[in-house]
Amino acid sequence: MDVPIRASGEPLYRIRRITPQHSMESVAPCVWRWGFVMVGEEAEYRFERVWRHRLIAVSLVAVMVLSGLTAFVLIASGPAAAAAPFRSLRIGINPLVITTLNPLKITLADEYVVVYNVYSTLITYDKTYHAIPDLATHWTLASDNRTWTFDLVQDAYFTSPLSPGDRSHPVTADDVVYSFQLQNVTKGSILHSYTSAITSVTKTGPYQVQIVTNGPFAGMYSAASAIPILPQYIWSGYAKPLNAPIKYPVGSGAMYYDYTNTTTTTLVLRKNPNYYGLQYYCQESRPDEVRFISYSGSTTMVNDFLTGATTLDALIGIDPSDYQVGLSTWNPKWAVSLGFVGEISINVITPALAAAYGYTYTANPVLLNDTFRHAVAMSIDKQKLVNDALLGYGNAADTLVPDVNPWHYSIPPNQQYQFNPAAARAMLNSQGWKYDASGALSPGATPLYQKGATNNTVYWPLQIRFYTLNTRPQWEIAARDIVAWLAQAGIQTMDSHSRTSPGYGLYNINQMSGYWLTADYDMWLWDWIFTPASDPSLDVLEVETTGAIGPTNDNYYSNATFDALYTQSLLTVDPAARRVITDEMQRMLYDYHSYILPYYRKDLYAAATPPSARTQASPPDPGWTNWGNWSSEQGLVPDSDLPAPWFQVSPLDNQAPVVASFPGVQWISGSPVSVSVSANDPEGAALGYTWDFGDGTAVQTSTSGSTTHTFAQPGNYTVHVRIKDSEWTTCASAAATIVAGGGPGANLPPQIKGLDYRLSHSTFGLPGETITFNLTANDTEGDPLYITWDFGDNSGVPVNYLTNTQTDKIATQKHAYAATGTYNLSVVVTDNQTGILNHHPSVTPQIVIQTISTPGGSIPTSSNPWINYGIPLGIVAAIVVVALAVFLRRRKERKKDEAEDRMAGGPPPGPPPPPPPP
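Heads up, the working numbering is the position in the sequence shown plus 874, with the first residue counted as 1.
Here's what the structure looks like:
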């Protein structure tokens, strides 16, 4: 489930699916605290911050396409396993913040990491955010478009950190029914709204559940991937689940929470020995533990990473200046678009709306004037903010659904408002704002006033309160630019005490949340965080509905047409029809000029692959490789809340088998065909192979990567293979197209047996290294074969020519890639014949070329990350003091109690300007 998340004062560039947090400054004991706080039985929070943050809807194109996914339930055979060493993977995080382990109340990104690594959900997402099975191996939707049936794993167990080997509590349909029903009846839960369209959840078998909705429901994938499956035997004992004293969560996911070794500065997740993933999905955590080590600043963290002082394998939350300077030549590192949306919000609450919801109306009435809001929009240079505040790590924004999300709607260039403060001033002048405070005609004044036609009294000064966060330099840098641009348009800004210098107020999270929940601000710069897979309606546009006023609607926008479109978008399951609706909703918000979105920010990460395995014993960390490409596989970032990163990495002291290629099969029914996979073990160990041909026949095993099989019937099949060394299993699949033999066009296509190659570092090679590629192929009729090679780097297309092909022949090419990157190699084989099958089969592996950065050195002492933003030294000290105290983030929330949530933050604001005279 992925809902907006508010970034609030987390470390400058650390905002990934996050919630509202509060600093330690002047915070009551029951309010969020900064830092890492593990709590047992928790006090009632005055801010019941509810941020639905889990990843939900794949591109909605897939939401209503039924999953035909069926688990591949095999255990691969392989050489006898010796006792494997214990291995730790260590991640620096800037910083680590956990305040609760109750999955009904989680609000912070790191809390989501714990919950969704420990608990299972019916479905989940892979590293590219495509929906895949989890606790449910298969699901179907009936013809009524309301009845969903989920078939469950039959070998899942709840794992307690106190006795990880205990399997006395299997996960059954009863636990699934209980978990969904608990969310439905617990209105204070962060996931309660995800069950609003569900009318019933029924056990239809020990391992089968039926969920019925009140109509077609486009958000079912969101709900199924969001609601954690809780152990009924534990949770049924809590009279008040929201206040359940969860000292350690008990779940059935890939990891379990290490209650013993987790400290105030370190979170430890351990590999779950009872996890069903290897049996059903060929997935297991390769680290025995993952340690998240908290830092109070990016520079210290990066220095430790570079020097190797604390053996960090990866980093979360790098500041841009450290990314540019300390890590300037480091590889791999990634600037990842994850769904961060900067937000300039203009408060458009009306007196009537304030009265209806019990707010004291303190907003400036000029905010309701669209000419004013339009002028503000024309006075924001978005690209300049990207350059100044983000040091270029972001993109100029337009609509609320982030650009990394497939549901993003881009406003056509000719319909966008352009940066032009002079034109904005002229527009304001034309609407009567052309006087100074004395009433004199002064179109160039700041602030501009209007003047009464009969009594010459000036009113409606363009003078507004402007707030932003005090937690990171980006906020103040952006605020300075915005204040200067608005002044050029005739608009003057103030802090909460009506001070016009510097023209903005910098406030902590508690204060900003107070202004939000009391509707007591004019304009702010803050943000939302969504994800690449956020549902456009349920998780993003919902924040602007009238029904979200209070819980999540922070600018108090209310529009009946928008609300009706929102409801319609949830009921529309055809992707094309739904996109028309969500595009219109995004356009409406853009044209209203209350949400002026300056940028989509990128988050910054790095990882290390040592040249060889480490031999250190404490921590027992051999070093890791096979990180993947986090820029395109965003689910691999360590704080994605998916276990995918732990399935991906490979330890340097015994890497997992590597699949070079698994060509598809084309053949005729009733005749044996060769099926081959090209795989190798980086350490040269023997491999065992387990084959499932997808046609209902018995599983086969072999000690080589080639076997034969006869498909009895024509059809399209998926062949699975598990490849195992003494410790690890790697899986691959290929398509088999089987047709009836004989008749016209009986000439059979060439068969690709495999493409073999080895990269110098197993899963990647180095620039300039020569790679030898060997392609093995044959042709039943002995036709000459032409093999065309495209290495994906515009280096030319060499061709091999093979004859006497009734038996296997090998075509060889050698190639060196000059630069780092991921290259799509394409090798096409043809016999220049035609027939009922494809006579141009191909293999298309990806070749990763990167450099290896070796720890050593540190960030230059002259490289002050705060000075890199252009902040004078006199201001740096004050910012640093505040920043060290506040590293928290805000996320989509829901109020537990209307009265309690309306808590003001900070000093009282100045009075609003008086209304215009009659």
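Glycine included, every Cβ here is placed at the ideal spot set by N, Cα and C.
Cβ distance (whole Å) where residue 1595 is taken to contact residue 1551 below 8 angstroms: Correct: roughly 5 angstroms between the Cβ atoms.
Residue environment, residue 1689, which counts as buried when at least 16 other CB atoms sit within 10 Å: Here residue 1689 is buried: its Cβ has 16 or more other Cβ atoms, across all protein chains shown, within 10 Å.
Simplified DSSP state of residue 1401, which is helix, strand or coil: Reduced to three states, the DSSP call for residue 1401 is strand.
Buried or exposed by the 16-neighbour rule on C-beta atoms within 10 Å, applied to residue 1409: Label assigned to residue 1409: buried.
Beta carbon of residue 1031 nearer than 7 angstroms to that of residue 1148: Cβ atoms of residue 1031 and residue 1148: closer than 7 angstroms.
Residue 1240 burial status per 10 Å Cβ neighbour count (16 or more: buried): Per the 10 Å Cβ criterion, buried.
Per-residue DSSP class, three states only, for residue 1641: If DSSP states are grouped into helix, strand and coil, residue 1641 belongs with coil.
DSSP state of residue 1091 mapped onto helix, strand, coil: Three-state DSSP puts residue 1091 in coil, outside helix and strand.
Pairwise C-alpha distance: residue 1297 and residue 1282: If I take the Cα positions, the gap works out to 29 angstroms.
Residue span of the alpha helix (DSSP H) that contains residue 1283, given as start and end: It is not in any alpha helix (DSSP H) - residue 1283 carries neither H nor E in the DSSP assignment.
Validate contact between the segment 1032-1043 and the segment 1378-1394 using beta carbons, cut 8 angstroms, 3 pairs: No: fewer than three Cβ pairs fall under 8 angstroms.
Residue 1382 to residue 1392 span [Cα, whole Å]: Each residue's alpha carbon lies about 16 angstroms from the other.
Residues that residue 1263 bridges to, as DSSP identifies them: Residue 1263 pairs with nothing; no bridge assigned.
Distance, residue 1488 Cα to residue 1053 Cα: Roughly 44 angstroms between the two C-alpha positions.
Nearest neighbour of residue 1316, chosen from 1300, 1339, 1702 and 1663 [CA to CA]: Out of 1300, 1339, 1702 and 1663, the CA that lies nearest to the CA of residue 1316 is found in 1300.
Residue span of the beta strand (DSSP E) that contains residue 1587, given as start and end: If you look at residue 1587, you'll find it isn't in any beta strand (DSSP E); DSSP assigns it neither H nor E.
When 1081, 1016 and 1167 are compared against residue 971, the one with the closest alpha-carbon: Ranking 1081, 1016 and 1167 by Cα distance to residue 971 puts 1167 first.
Host beta strand (DSSP E) of residue 1022 (start-end): Boundaries of the beta strand (DSSP E) harbouring residue 1022: 1021-1026, taken from the DSSP string.
Where residue 1295 sits in the DSSP three-state scheme: Helix at residue 1295.
Nearest-angstrom Cα separation, counted from residue 1121 out to residue 1136: If you take the alpha carbons of residue 1136 and residue 1121, they lie about 11 angstroms apart.
Under 7 angstroms between C-beta atoms of residue 1165 and residue 1525: Note that the C-beta distance between residue 1165 and residue 1525 is not below 7 angstroms.
Cβ-based burial, residue 1367 [other Cβ within 10 Å; buried from 16]: It is buried - the Cβ of residue 1367 has at least 16 other Cβ atoms within 10 Å.
C-beta atoms of residue 1196 and residue 1173 nearer than 7 angstroms: It is a contact, given that the beta carbons lie within the stated cut-off.
Three-state secondary structure (DSSP) of residue 1551: Correct three-state label for residue 1551: coil.
Buried versus exposed call for residue 1704 [16 or more other C-beta atoms within 10 Å across all chains shown]: It counts as buried.
Bridge partner(s) assigned by DSSP for residue 1012: In the DSSP output, where bridge partners are listed per residue, residue 1012 has 1025.
Beta-carbon gap between residue 1880 and residue 982 smaller than 7 angstroms: The structure shown does not extend to residue 1880, since the chain is modelled only from 875 through 1792, so no value can be given for it.
Start and end residues, beta strand (DSSP E) containing residue 964: Counted as a single uninterrupted DSSP element, the beta strand (DSSP E) harbouring residue 964 occupies residues 962-967.
Buried/exposed call for residue 1146, threshold 16 Cβ in 10 Å: Flag for residue 1146 reads buried.
Residue 1435 versus residue 966: straight-line alpha-carbon distance, rounded: When rounded, the distance between both Cα atoms is 47 angstroms.
Contained alpha helix (DSSP H) runs [length at least 4] in the segment 1365-1444, N- to C-terminal order: For the segment 1365-1444, the full-length alpha helix (DSSP H) segments reaching 4 residues or more read 1383-1391 along the chain.
Rounded separation between residue 1427 and residue 1478 - CA only: Distance from the CA atom of residue 1427 to the CA atom of residue 1478, rounded to whole angstroms, is 29 angstroms.
For residue 1651: DSSP bridge partner residues: The partner list for residue 1651 (beta bridge, DSSP) reads 1626 and 1683.
Residues bridged to residue 1716 [DSSP beta-bridge criterion]: Partner(s): 1702.
Own chain residues within Cβ distance below 7 angstroms of residue 1008, not counting five before or after: Cβ contact annotation for residue 1008 (same chain, cutoff 7 angstroms, sequence separation greater than five): 994, 995, 996, 997 and 998, in chain order.
Opposing strand residues paired with residue 1594 [DSSP bridges]: For residue 1594, the beta-bridge partners assigned by DSSP are 1566 and 1607.
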